[in-house]
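Here is the structure we will look at, set down as structure tokens.
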Amino acid sequence: MARHTELKYRTIFEAKENELEGLKAISANSRWKPAYHIHPQYGLINDPNGLAYFNGEYHVFFQWFPFDAIHGMKHWGHVKSTDLVNWERLPVAIVPVKDYESHGAYSGASLEVDGKLYMYYTGNIKYSAVERSANQCLAIMDKAGTITKYANNPIIEGVPEGYTGHVRDPKVFERNGRYYMLLGAQRTDLTGAIIVYDSANAIDWSFRGELKIDLEFPDSVYMLECPDFFELDGQDVMIFSPQGLKEEGHDYHNLYNVIYLLGKLDIENLTYQVECYQELEKGFDFYAPQTFVGKNKERLLFSWAGMGEVEYPSDRESWAHCLSVPRELGIVNGKLVQKPAQDLKLLRQTSNSGEMTISETGGEIGNPSDQYELDLNFNSIQSNKFGLELFVSETEGLVLEFDREQQIVSLNRENFEAAFGGEYGYVRSAELALGDNVKVQVFVDHSIAEIFINDGEVVFTARVFPKAESKGIRMFSDGNISCSYSKYELAQGISI
1 MARHTELKYR TIFEAKENEL EGLKAISANS RWKPAYHIHP QYGLINDPNG LAYFNGEYHV
61 FFQWFPFDAI HGMKHWGHVK STDLVNWERL PVAIVPVKDY ESHGAYSGAS LEVDGKLYMY
121 YTGNIKYSAV ERSANQCLAI MDKAGTITKY ANNPIIEGVP EGYTGHVRDP KVFERNGRYY
181 MLLGAQRTDL TGAIIVYDSA NAIDWSFRGE LKIDLEFPDS VYMLECPDFF ELDGQDVMIF
241 SPQGLKEEGH DYHNLYNVIY LLGKLDIENL TYQVECYQEL EKGFDFYAPQ TFVGKNKERL
301 LFSWAGMGEV EYPSDRESWA HCLSVPRELG IVNGKLVQKP AQDLKLLRQT SNSGEMTISE
361 TGGEIGNPSD QYELDLNFNS IQSNKFGLEL FVSETEGLVL EFDREQQIVS LNRENFEAAF
421 GGEYGYVRSA ELALGDNVKV QVFVDHSIAE IFINDGEVVF TARVFPKAES KGIRMFSDGN
481 ISCSYSKYEL AQGISI
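Okay, so the sequence shown: first residue is 1 according to the working numbering, each after it adds one.
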């Protein structure tokens with residue numbers, strides 16, 4: 001712990017000679033490093049930040065602590081791409097060296113303004129273990145890629161009356177000729193809220209008040225984190241994380257959970273009318289999602305594929321976490337769905353496909369690997385329980401099971417030697433209307449599986465840390481079903 005205390009609030013500029021090279025060498029040997037998911041070469045990554053398609057390139061920024069697999073002094077890391085799959089690592093974008101960001105450059109979003117990318121973030125301030133404050137800050141990137149902190153930062157100093165120092169994660173958007181900023185906040189009575197500022201020029205901000213959402217949160221919710229807002233298919237969509245939610249049936253089984261709202265935002269009157277709300281994702285490792293508009297005007301999403309306050313097996317290798325694959329959002333039958341972004345097809349290399357009938361003896365797909373996409377169609381289903389097992393060996397496997405009697409789908413990651421997160425349970429589940437056909441699309445990348453069911457109706461993200469030999473794929477059923485499949489080996493998308 002003494003070592004962590006020493007490291008926690010250093011910036012990358014304070015690295016000792018050869019320190020970063022040493023960290024990179026340690027983590028590079030990990031067999032769990034992803035090949036096409038954005039991840040840190042060393043240190044810890046968490047929230048995606050400032051996502052943008054700007055000047056013909058995708059820019060992904062992210063929370064990053066360089067020196068260890070802990071939540072220390074947060075910088076903004078940076079990668080870019082022309083196609084969402086081949087990522088170039090760039091120098092760190094924001095290093096917290098100013099007094100207004102003395103304990104980290106926390107999360108935020110970006111917006112193109114007058115041909116430049118305005119990157120909004122929270123300057124974290126800690127006075128003691130319990131006392132803190134927050135400043136909202138701005139950095140600006142020009143079309144040459146040069147990033148400069150705004151000379152008159154912070155653009156919002158401190159927090160408004162009635163709120164604690166937990167005010168963060170600015171989301172800025174334009175509507176009806178004005179700019180609006182949403183911030184996650186905590187009231188002084190320790191309950192969660194979203195507060196609103198507005199501006200005529202995206203720099204000078206005025207506090208408007210609290211957004212009134214016609215949804216009653218339980219008293220246990222102490223913070224609304226990482227707000228996002230966008231318009232999609234005629235709906236005003238909000239995404240945020242109500243910290244402190246309790247388990248409710250199949251929902252909210254992680255320490256921190258994410259919900260979405262469909263409805264109507266009246267930003268002038270600070271009201272949001274909820275028509276629908278649900279948990280956004282059903283997996284173990286999904287938090288702080290952020291959306292943006294892609295080059296084809298589609299609404300895209302990245303999330304942190306991790307969870308706070310959980311120890312991961314890769315921590316001992318001086319690196320932690322990754323981001324999800326990019327996902328495209330849509331609204332189908334009044335619900336928000338997530339599909340893998342189309343550009344992920346560019347990663348496809350060799351492939352094999354086939355059809356099989358699966359009975360109680362099960363079936364396997366050959367060519368074991370741990371860096372692939374698998375597309376499955378189960379049909380002519382005559383069984384009650386059936387499913388798919390990934391990362392299979394004699395002793396390990398990630399089990400996706402469909403139960404037609406209960407009309408649920410579940411994911412179980414208990415059967416791994418390097419099990420973790422058991423204090424929050426090893427099984428996640430969701431209600432799903434199961435008929436005679438089920439479509440499953442899976443992305444496996446060494447230590448992560450992202451599973452999309454029925455074109456994104458249900459999505460699971462799971463980090464697992466298998467043994468080297470755990471690479472098999474097995475189908476199982478308690479009755480006869482037919483299955484067609486296509487498996488694609490996927491290329492490297494980012495340097496280790």
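For glycine and all other residues, C-beta sits at the position ideal for the given N, C-alpha and C.
Small disclaimer: the values here were computed from a predicted structure and weren't measured.
### Message
Helix, strand or coil for F13? Go by DSSP, reduced to three states.
### Response
helix
### Query
Hey, A430 and K282: beta-carbon distance below 7 angstroms or not?
yes
### Message
Do Y106 and K74 have their beta-carbon atoms positioned less than 7 angstroms apart in this structure?
### Response
yes
### Task
Drop a sphere of 10 angstroms on the beta-carbon of G422, count the other beta-carbons inside from all chains shown, and report buried for 16 or more, exposed for fewer.
exposed
### Message
Distance check for E231 and E298, CA to CA, integer angstroms please.
### Response
11 angstroms
### Query
Going straight from the alpha carbon of A507 to that of I94, what length do you get?
Because residue 507 is not part of the residues shown, which for the chain are 1 to 496, the question remains open.
### Cβ neighbours of F391 in the same chain (closer than 8 angstroms, five flanking residues each side left out)
D370, G397, L398, F416, V444, A449, V464, P466, S470, K471, G472
### Residue burial classification, N437 (beta-carbon count within 10 angstroms, cutoff 16)
exposed
### Length of the line joining the Cα atoms of S482 and V458
21 angstroms
### Message
With three or more C-beta pairs closer than 8 angstroms as the rule, is the segment 253 to 264 touching the segment 329 to 340?
### Response
yes
### Task
Could you tell me the distance, in whole angstroms, from the CA atom of D219 to the CA atom of E247?
14 angstroms
### Task
Indicate whether the contact test is met: 3 or more Cβ pairs, each with one atom in the segment 150 to 160 and one in the segment 199 to 206, closer than 8 angstroms.
yes
### Task
Could you tell me which residues DSSP puts in a beta bridge with M141?
L117, I147
### Message
Let me make sure I understand the geometry here. Which of Q441, P289, L323, L400 has the alpha-carbon closest to that of A305?
### Response
L323
### Query
Which of the three DSSP states, helix, strand or coil, is assigned to Y42?
coil
#### Entry: From M181, R31, F61, residue whose alpha carbon lies closest to that of L270
M181
### Query
CA-CA distance, Q349 and N86?
14 angstroms
#### Entry: DSSP three-state assignment for D99, whether helix, strand or coil
helix
#### Entry: Euclidean distance between Cα positions of N152 and E21
35 angstroms
### Pairwise C-alpha distance: N201 and R413
49 angstroms
### Segment limits, alpha helix (DSSP H) that includes E21
19 to 28
### Message
On the DSSP bridge list, what partners appear for I125?
### Response
S133
### Task
Report all residues from its chain with a CB closer than 7 angstroms to the CB of N379; omit the five preceding and five following residues, and keep chain order.
D436, N437, S482
### Task
Taking only the alpha-carbon atoms, compute the straight-line gap between L224 and K335 and give it to the nearest angstrom.
22 angstroms
### Task
Any chance you could list the beta strand (DSSP E) runs of at least 3 consecutive residues sitting entirely within the segment 295 to 377, in chain order?
299 to 304, 327 to 332, 335 to 340, 348 to 358, 363 to 365
### Task
Mark L190 as exposed unless 16 or more other C-beta atoms lie within 10 angstroms of its C-beta, in which case mark it buried.
exposed
### Query
Expressed to the nearest angstrom, what Euclidean distance is found between the alpha-carbon atoms of G308 and I45?
11 angstroms
### Query
Since I259 sits in a beta bridge, which residues does DSSP pair it with?
F240, E279
### Query
What number of angstroms, rounded off, separates the C-alpha of K487 from the C-alpha of Y58?
27 angstroms
#### Entry: Counted within 10 angstroms of its Cβ, other Cβ atoms place N352 as buried (16 or more) or exposed
exposed
### Query
When burial is assigned at 16 or more other CB atoms within 10 Å of the CB, is E389 buried or exposed?
buried
### Query
According to the neighbour-count rule (16 or more other Cβ atoms, all chains shown, within 10 Å of its Cβ), is A25 buried or exposed?
exposed
### Task
Examine the Cβ distances between the segment 47 to 64 and the segment 284 to 297 and report whether three or more of them are shorter than 8 angstroms.
yes
### Query
For A433, is the classification buried or exposed, using 16 other Cβ atoms within 10 angstroms of its Cβ as the cut-off for buried?
exposed
### Message
Using the Cβ count rule (16 or more neighbours within 10 Å means buried), how would you classify K149?
### Response
buried
### Query
Whose CA, out of Y277, G209, E161, lies closest to the CA of F240?
Y277
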